[in-house]
Structures are given as C-alpha cells and as structure tokens.
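Visitor: Quick one: structure below, then a few questions.
Number of protein chains: 2
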Amino acid sequence: MPPTRALDGLLALSALMTTDIQRFEREHGLTTARVHLLWQLGAAGPSTQRDLAEALRVTPRNVTGLVDGLVGSGHVTREPHPGDRRATQVTLTAAGSRFVTELQRSHQDLADRLFGDLPEDRLVAFVAVLDETLERFAGLMGETGEQEGTAS
Amino acid sequence: MPPTRALDGLLALSALMTTDIQRFEREHGLTTARVHLLWQLGAAGPSTQRDLAEALRVTPRNVTGLVDGLVGSGHVTREPHPGDRRATQVTLTAAGSRFVTELQRSHQDLADRLFGDLPEDRLVAFVAVLDETLERFAGLMGETGEQEGTAS
DNA sequence: ACCACATAGTGAAGTACCTTCACTACATGT
DNA sequence: ACATGTAGTGAAGGTACTTCACTATGTGGT
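As they're listed, the protein sequences go chains A and B.
Here the numbering used here is used: the first residue of the first sequence is 31, the next is one more, and so on.
Here the numbering used here is used: the first residue of the second sequence is 31, the next is one more, and so on.
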C-alpha cells in the first residue's frame, strides 16, 4: 500500500469537510473567516481585536473588517475596553453565542455520524495514526518553514 | 474514545496541509485557485474553459480570470479550439508542465515523509477507515445537500 | 511633568477570488 | 434561414486578505 493513498484520502476528506462546513456557514448567512472569528471568541471569551488578529493569524486591519461585518449581522458587539481606551472589546451577542453553540453541536453531530459506529479499537488505531502524523507534520514544518516563533 | 477526537484530528491535519500547500504555492508565485486549474489541466490534458469551469466547480467567468493570470505568468496558453471557433483551448506550457510535475513530486515526497515509516498493517487500517469515512460522508451529503445532479 | 516610543484601531489603496447579468460570436437542428 | 443553445468576456459588485500611513492612547525613563 503506497503512502500516497493515505495522503490522498486525507485530502479528499479535507475537501469534503470544507464543503460541508461552508454549506453550514451559508445556511446561517456567514462566511468561513467570520465563523473562525466567532469560534475563537467562543473559545477565548471577550477579546480585543489585537488578540483576535493573533489568534486567527491575520492582520489587525483584517479583523476590523470582519468585526464590522459581524456587528452588522448582530453576532458581536464592539465595546470600549475597560482599562485601555485604545482598545475595543469584542463580545458575542446572544445570537452569536447561539450560533457558536449550534456550531459545536453540529460538529459533534458530524463526528458521531462519521465515527459513531466505528469499533473502539479501530477508532483508537485511527486516532493514533492521526496524532502521530500531526506531530510528524509539525516537525517537518519546523525544518523548512521556520517562521518567527509565533507557533500555534 | 469520543468520535470527536477523530474529527478534530482530521481538521487539524487539514489545516496543516492547507498551510503547507500554500507555502509551496507562494514559493512558486502561484495561488490555490490557479494551482487547482493547473492540476486539473495536468490530469485532463488541454481543455476548454467550459470544461475547466465544470471540473473546478466555479463559474466560466471566473475561469477567464484564472486563465488570464496563468497566461500572464507563462504557465498556460490560450489557443483557438480546433473544430469549435467559439471555444478556446487551454494548454500547459513547458513551464506549466514542469510545475505540475514538481507538484506531484512534492506531493509524493510529503506522503513518504508522513507515512513512509508507518508499519504496513497500521497504514492499511488507517486507509480503510479513511475510505469508509469518505463513503459515509458522501452518503450524508446526499441526504441533506441534494444539489442539482452534477455529482463529482 | 515631559517626551520618546510602543500599541490599538482604522482609512486608503491594492490584489485575488468569486459571483451575476448582459452581451457577442459561433453552432446546430429543423 | 432562423431559432435556440453554447463559449467566452465586459461590467459591476462582494468578501477576504495585504501594506502603508495616520490618530489616539498607554508607558517607561529622566
């Protein structure tokens, strides 16, 4: 069995997942970039735009635009940061929280539908390879990539 | 072991692969969309823009723009289609072919580095889960997605 | 208290990718 | 010959990104 079979399968699955995620996003009138921001906000709680920019690995200027859109759609609010008058604090609204919750639910649901029926031993073996590959990949990126030390 | 572990691992790996692919693309002064077009052209041989649009699942208008860019960078040529004067035939140049070849080589190389050392039985088990998941996923998309019948 | 310097956010301008709609040139069946 | 369909592109517009310049604010040193 050639190693490419594994990589090809991963890429194919990756493409399917992306398609499925985008379907979900468009059902809710959102886009990938904005959903990432909401997800991050759900994970980290109220954040400055600076923090969001670092977490999402995009420029602060870009976050301004994304937040503009999400304020417009009512998913987040922009409030003055208590204690630093330069910064604004971005916070999920009720609608934003609801979306994040539903996103998590949908994620869980997909995982169950895809892997719920897989026997435990096969699941464990699969996840083990996944984890090892993840580690190995990180190692490979470190060799050649060598960005500034802002690792994720 | 919760099924989410598998999905999360896949998503993480997917993100890493995307990053790595984009690094490769930028090293060559290309973008994801253009590389997809080149890849498709390498797989299918000289094609009309219409064909490319269908294969890439984007609008014909968009293909016009992508081909414009690739003609500019010398990766493809636009020639009149023999036998249909409405259509143009997009063909890889020598440079375009070279890029596609290197892309395949790089792909192969990555697969070897990631999975080359994995024992055969674990590889087989991994790929089996991958394939089953792919099938199951296609089934799920058919249930809810239900686009017009242009299945891939 | 003051000043130099760093930091948070945004306006302006530009690129790439993508869309829809309208239009031209060509193909094809009757 | 004529109607109808198909290939490609112009025009206009949206989102996601970038860099650069600029304002407002925080902070450490003297």
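A virtual CB, placed ideally from N, CA and C, is assigned to each residue, including glycine.
Let me confirm a value: A/Thr163 is counted as buried when at least 16 other C-beta atoms fall within 10 Å, else exposed. Which label applies?
Guide: Buried, since its Cβ has 16 or more Cβ neighbours within 10 Å.
Visitor: For a contact defined as C-beta to C-beta under 9 Å, what are the partners of B/Ser136 on chain A?
Guide: Residues of chain A passing the Cβ test: none, with the nearest at roughly 11 Å.
Visitor: For A/Asp139, collect the residues of the same chain with a Cβ closer than 7 Å to its Cβ; drop the 5 residues on either side in sequence, then sort them by chain order.
Guide: Cβ within range, chain order: n/a, list empty.
Visitor: Given this structure, state the Cα-to-Cα distance separating B/Thr48 from B/Glu109, to the nearest angstrom.
Guide: Cα to Cα, B/Thr48 sits roughly 33 Å from B/Glu109.
Visitor: Below 8 Å between beta carbons: does that hold for B/Thr107 and B/Thr123?
Guide: In contact: B/Thr107 and B/Thr123 (Cβ atoms closer than 8 Å).
Visitor: For a contact defined as C-beta to C-beta under 9 Å, what are the partners of A/Leu148 on chain B?
Guide: Residues of chain B passing the Cβ test: Pro33, Ala36, Val159, Glu162 and Thr163.
Visitor: Suppose you measure from the CA of B/Val157 to the CA of A/Pro32; what does that come to, to the nearest Å?
Guide: Approximately 10 Å, taken between the alpha carbons.
Visitor: Spell out the partners DSSP gives B/Glu109 in its beta bridges.
Guide: DSSP, once it has assigned bridges, lists B/Gln119 as partnering B/Glu109.
Visitor: For B/Phe145, collect the residues of the same chain with a Cβ closer than 7 Å to its Cβ; drop the 5 residues on either side in sequence, then sort them by chain order.
Guide: So the qualifying residues of the chain are Leu153.
Visitor: Could you round the C-beta distance between A/Val65 and A/Gln79 to whole angstroms and report it? I think they count as a contact, below 8 Å.
Guide: About 17 Å; that fails the 8 Å criterion.
Visitor: Rounded to whole angstroms, how far is the Cβ of B/Leu160 from the Cβ of A/Gly39, which I believe are closer than 8 Å?
Guide: 4 Å between Cβ atoms; contact.
Visitor: Applying the criterion that 16 or more other CB atoms from any shown protein chain within 10 Å of the CB defines a buried residue, is B/Gly102 buried or exposed?
Guide: Exposed, by the Cβ-count rule.
Visitor: List, in chain order, every chain A residue whose beta-carbon is nearer than 8 Å to that of B/Leu46.
Guide: Those are Leu164, Phe167, Ala168 and Met171, listed as they occur along chain A.
Visitor: Can you find the residues in the same chain that come closer than 6 Å, C-beta to C-beta, to A/Val130, ignoring five residues on each side of it along the sequence?
Guide: Cβ neighbours of A/Val130 beyond the five flanking positions: Leu68 and Gly72.
Visitor: Compare the C-alpha of A/Gly169 against each of B/Leu46, B/Leu41 and B/Thr62 and name the closest.
Guide: If we check each option's Cα against that of A/Gly169, B/Leu46 comes out closest.
Visitor: Residues of the region 87–106 of chain B in Cβ contact with chain A at a cutoff of 7 Å, in chain order, please.
Guide: Listed by position along the chain: nothing, the set is empty.
Visitor: Going by C-alpha to C-alpha distance, which of A/Ala83, A/Asp50 and A/Arg53 sits closest to A/Gln119?
Guide: Checked all of A/Ala83, A/Asp50 and A/Arg53; the closest Cα to A/Gln119 is A/Ala83.
Visitor: Output yes or no for whether 8 Å exceeds the beta carbon distance between B/His105 and B/Gly126.
Guide: A contact, by the Cβ cut-off of 8 Å.
Visitor: B/Met171 and A/Asp50 - do their beta-carbons sit closer together than 8 Å?
Guide: Going by C-beta atoms, A/Asp50 is nearer than 8 Å to B/Met171.
Visitor: Under 8 Å between C-beta atoms, does B/Phe145 make it to chain A?
Guide: Yes - at least one Cβ of chain A is within 8 Å of the one on B/Phe145.
Visitor: Going by other Cβ atoms of all chains shown within 10 Å of its Cβ, with 16 needed for buried, is B/Ala36 buried or exposed?
Guide: Per the 10 Å Cβ criterion, buried.
Visitor: Quick one: grab the DSSP three-state call for A/Thr131.
Guide: If DSSP states are grouped into helix, strand and coil, A/Thr131 belongs with the helices.
Visitor: Flag A/Leu40 as yes if its beta-carbon sits less than 8 Å from any beta-carbon of chain B, otherwise no.
Guide: Chain B contact via Cβ: present.
Visitor: Could you compute how far the alpha carbon of A/Glu55 sits from the alpha carbon of A/Glu165?
Guide: Distance between the alpha carbons of A/Glu55 and A/Glu165 is about 30 Å.
Visitor: Check for me: the alpha helix (DSSP H) holding A/Val93 runs from which residue to which?
Guide: Note, A/Val93: alpha helix (DSSP H), Pro90 to Gly102.
Visitor: CB B/Ser44 to CB A/Ser136, shorter than 8 Å?
Guide: Contact flag unset, no.
Visitor: In terms of residue numbering, what span does the alpha helix (DSSP H) encompassing B/Asp81 cover?
Guide: Segment Gln79 to Leu86, the alpha helix (DSSP H) holding B/Asp81.
Visitor: For the putative contact between B/Ala63 and B/Leu96, defined by C-beta atoms under 8 Å, what is the C-beta separation to the nearest angstrom?
Guide: The pair is a contact, with the Cβ atoms about 6 Å apart (cut-off 8 Å).
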